[in-house]
Ligand code: GUN
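If you want it as structure tokens, here you go:
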């Protein structure tokens, strides 16, 4: 069994990006600039945005965090997005999700300039991705594909079972892995909360990607010998022995699944750091994208 080390892989990619930024700046170019919008006080969202800001500084990007109280109105938020869209110094914009319930997430995402949509959430970019056209790929799926490639894991002709159908992870991954591409060329099954007899599907899988947000959901008896296991889960549970007061649990029961797996991602240190570095890749791409609108 091999651990898919997302931390080490992302550190390597960050060094590559930092080098590209250095060359860009030495050639008279400007530093890529990522703007993030954070609404409200959700603890997990604050942590994720903090990780994104730290990664920006590690690779030499400029980053700006726009924080707003949970009470911000839809119109106010959209006005700010329009201002960022018009600001030529900013290359990429992310709005950290989820948003408070009174805000319309779809309308907010629609307001982002597709050329600055480094999360790849705008319908125009989702459409391009689905067609296999060049665009910003959503960071978690992109990071997973990169991790599989870095470890030379063949996907062609493999049966990939994805558990979870979110717009951020499950659905885009299903699209990407079914494309005629490398990684890709998979036979894909999407399982979700209404799937009956989920073990029937997971036991046939060459690759299982668990992205449902239910700690320890995938158990050893649901997995065939030699499967590749990718764990996207990052549920926080209280833990007084930890400095920050919580620990992260994946969707995979590592103890029973790892002995059967050929490759497996740990939590933490697997998919999480690959997500962050993929956002950096997208931001660099946005900065290099000459065409605006
Ligand atoms: N919330 C959970 N994952 C993500 C992500 O990749 N991007 C944004 N903007 N919000 C998220």
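Numbering (my numbering), first residue to last: 15 to 307.
C-beta: ideal position from N, C-alpha, C; glycine also.
Source: prediction; values computed, not measured.
1. Let me know if residue 120 comes out buried or exposed under the rule of 16 or more other beta-carbons within 10 Å of its beta-carbon.
2. With a cut-off of 8 Å on the beta carbons, I'd call residue 105 and residue 270 a contact; round off their distance for me.
3. Nearest by alpha-carbon distance to residue 64: which of 272, 79, 73 is it?
4. So residue 226 and residue 267 are in contact, right, with Cβ under 8 Å, and what is the actual spacing, rounded?
5. In this structure, does DSSP put residue 24 in helix, strand or coil?
6. Within this structure, are the beta carbons of residue 49 and residue 294 separated by less than 7 Å?
7. By Cβ distance, which residues of its chain are closer than 6 Å to residue 306, with the 5 residues on each side in sequence left out?
8. Do you know whose CA, among 35, 92, 93, 51, lies nearest residue 72's CA?
9. CB-CB under 6 Å to residue 99, same chain, minus the five flanking residues each way: which ones, in chain order?
10. Does the beta carbon of residue 133 fall short of 6 Å from some heavy atom of the ligand GUN?
11. In whole angstroms, what separates the C-alpha of residue 202 from that of residue 195?
12. Measuring alpha carbon to alpha carbon, tell me which of 53, 97, 45 ends up nearest residue 83.
13. To the nearest angstrom, how far is the alpha carbon of residue 191 from that of residue 174?
Looking at the coordinates:
1. exposed
2. With a Cβ gap of about 44 Å, residue 105 and residue 270 do not count as contacting.
3. 79
4. About 13 Å separates the two Cβ atoms, so there is no contact after all.
5. helix
6. no
7. Low local confidence applies: a pLDDT of 46 at residue 306 is under 50, so the model's placement there is unreliable, with the coordinate-based value given in what follows. Counting only Cβ-Cβ distances below 6 Å, and skipping sequence neighbours, we find 129.
8. 35
9. 127
10. yes
11. 14 Å
12. 53
13. 8 Å
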